[in-house]
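Each remark here refers to the structure printed beneath this line.
There are 2 protein chains.
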Amino acid sequence: MATSERLIETTQELLWERGYVGTSPKAIQQRSGVGQGSMYHHFSGKSDLAAAALGRSAEQLRALAEEQFSGPGTAYERIEAYLLRDREVLRGCRIGRMAQDPDVIAEPQLRRPVGETFDWLRGRLADLVAEGQAAGEFATGPDPAEVAAAIAAVVQGGYVLARAADSPEPFLRAVRGALALLRAH
Amino acid sequence: MATSERLIETTQELLWERGYVGTSPKAIQQRSGVGQGSMYHHFSGKSDLAAAALGRSAEQLRALAEEQFSGPGTAYERIEAYLLRDREVLRGCRIGRMAQDPDVIAEPQLRRPVGETFDWLRGRLADLVAEGQAAGEFATGPDPAEVAAAIAAVVQGGYVLARAADSPEPFLRAVRGALALLRAH
DNA sequence: GTCTATACACTGATAGAC
DNA sequence: GTCTATCAGTGTATAGAC
Numbered sequence: 001m002a003t004s005e006r007l008i009e010t011t012q013e014l015l016w017e018r019g020y021v022g023t024s025p026k027a028i029q030q031r032s033g034v035g036q037g038s039m040y041h042h043f044s045g046k047s048d049l050a051a052a053a054l055g056r057s058a059e060q061l062r063a064l065a066e067e068q069f070s071g072p073g074t075a076y077e078r079i080e081a082y083l084l085r086d087r088e089v090l091r092g093c094r095i096g097r098m099a100q101d102p103d104v105i106a107e108p109q110l111r112r113p114v115g116e117t118f119d120w121l122r123g124r125l126a127d128l129v130a131e132g133q134a135a136g137e138f139a140t141g142p143d144p145a146e147v148a149a150a151i152a153a154v155v156q157g158g159y160v161l162a163r164a165a166d167s168p169e170p171f172l173r174a175v176r177g178a179l180a181l182l183r184a185h
Numbered sequence: 001m002a003t004s005e006r007l008i009e010t011t012q013e014l015l016w017e018r019g020y021v022g023t024s025p026k027a028i029q030q031r032s033g034v035g036q037g038s039m040y041h042h043f044s045g046k047s048d049l050a051a052a053a054l055g056r057s058a059e060q061l062r063a064l065a066e067e068q069f070s071g072p073g074t075a076y077e078r079i080e081a082y083l084l085r086d087r088e089v090l091r092g093c094r095i096g097r098m099a100q101d102p103d104v105i106a107e108p109q110l111r112r113p114v115g116e117t118f119d120w121l122r123g124r125l126a127d128l129v130a131e132g133q134a135a136g137e138f139a140t141g142p143d144p145a146e147v148a149a150a151i152a153a154v155v156q157g158g159y160v161l162a163r164a165a166d167s168p169e170p171f172l173r174a175v176r177g178a179l180a181l182l183r184a185h
């Protein structure tokens, strides 16, 4: 595998595990087996490498979610498939995790993929909610953009509750609760 | 103010802003105006001080939430008051933020206040949901514990979406969406 | 209780040889 | 492209004087 590829993948892993502040160039070099000089040859520094890694993770997250969104079934069934999809709950969200990091939020290059990913996610969910309303699956009262934001938030917040409890259980409860509320319409 | 008090309050602030990994003893000393020797006289080290700060923040969070939970009104109205309460949305949750930090999750002394706070929060919300079901405000189908987890997750996830967007708007949408779904029952 | 001195590893690079 | 050397600053303390 190409050196820069190994650097990007290792950085994706470390950002996921330890966040931006908690990830050092040295740790990236050691885990990837790439030397210091080599790393600085391919990337100008930590934030450059992190930007590449975050862009990659954002792409992957969208592709994964889109599998469920454009799959078979009614709007409700596709939202359910998304929420109940197999997840490594205790590892949390590779992208959502970054939103907590002040250095990521402060650097536009790093915040952009994070912001864009959630804009996209809320937009796709809002499409599905609107589609479900048009099909008579959901009540037409609630604003699709608001329901979509609530669904996206349940996932991100579910990760937080699960990690706090050191158990996937609260995540599962949260998504089941959201689906129960959604279904009743 | 007592020295140890100033240390705890400063640590609460820094943990909120920068997380555990991102907060150094040196930064605590500088912001609090307390010297090195003095800090290590009152606390055995960074994690000891963080444990005291997290315990304090957890207490405060519970007291604040309980104001809404035990206030006037129907169960729905009290949940609404909690969700729409004035919040510094872009600062996020002092406790929820810690759940992302691997060093906090790894150290039982630090994870305990985080885990207990959310256990308590989900429990109180479940009480309210059950109360609302008994009063005929909500449909009796959904499991109160699941709905409660969803509500708590919407708040935590709302913070994530807001910080990702660098705007409080997604938080507001998420809680309004949750209330709309809740109301329809 | 508070201060200064000291320690040693790690952070995030840059420089120049190969 | 990769390697080793070097560097000023930080992280997280401990020791001992006052």
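From first to last, the protein sequence lines stand for chains A and B. Each residue of the first sequence is one higher than the one before, counting from 1 in our numbering. Each residue of the second sequence is one higher than the one before, counting from 1 in our numbering. A virtual CB, placed ideally from N, CA and C, is assigned to each residue, including glycine. Being a predicted model, the structure only gives us computed values, none of them experimental.
Worksheet item: In three-state terms, what does DSSP make of alanine 44 (chain B)?
Response: For clarity, residue 44 (chain B) is serine in the given sequence; the question names alanine instead. Of the three classes helix, strand and coil, the one that applies to serine 44 (chain B) here is coil, per DSSP.
Discussion item. Whole angstroms are fine: how far does the CA of arginine 87 (chain B) sit from the CA of alanine 50 (chain A)?
Written reply: 31 Å
Worksheet item: When Cβ atoms are compared, which residues of the segment 86-110 of chain B fall closer than 7 Å to chain A?
Response: Gly92, Gly96, Arg97, Ala99, Gln100, Pro102 and Ile105
Worksheet item: If we count the other Cβ atoms within 10 Å of its Cβ and call it buried at 16 or more, is proline 113 (chain A) buried or exposed?
Response: buried
Worksheet item: alpha helix (DSSP H) containing glutamine 100 (chain B): first to last residue?
Response: Segment: none, glutamine 100 (chain B) is in no alpha helix (DSSP H) and carries neither H nor E.
Worksheet entry | Beta-carbon proximity list for cysteine 93 (chain A), same chain, < 7 Å, skipping 5 on both sides | Gln156 and Tyr159
Worksheet item: Between which two residues does the alpha helix (DSSP H) carrying phenylalanine 171 (chain B) extend?
Response: 169-183
Worksheet item: By a C-beta neighbour count over all protein chains shown, 10 Å radius and 16 as the cutoff for buried, is proline 108 (chain B) buried or exposed?
Response: exposed
Worksheet item: Roughly how many whole angstroms lie between the Cα atoms of glutamate 17 (chain A) and proline 102 (chain B)?
Response: 7 Å
Practice prompt. Report the option in B:Asp48, B:Leu161, B:Ala135 and B:Ala178 whose CA atom is closest to the CA atom of arginine 91 (chain B).
Written response: B:Leu161
Item to complete: Could you round the C-beta distance between arginine 163 (chain A) and alanine 148 (chain B) to whole angstroms and report it? I think they count as a contact, below 8 Å.
Response: Not really, about 18 Å apart at Cβ, beyond 8 Å.
Discussion item. Counting beta carbon pairs with one atom in the segment 49-68 of chain B and one in the segment 39-57 of chain A, are three or more of them shorter than 8 Å?
Written reply: no
Fill in: For alanine 106 (chain A) and threonine 3 (chain A), the rounded distance between their alpha carbons
29 Å
Worksheet item: Just the Cα atoms here: how many angstroms apart are threonine 11 (chain A) and alanine 165 (chain A)?
Response: 27 Å
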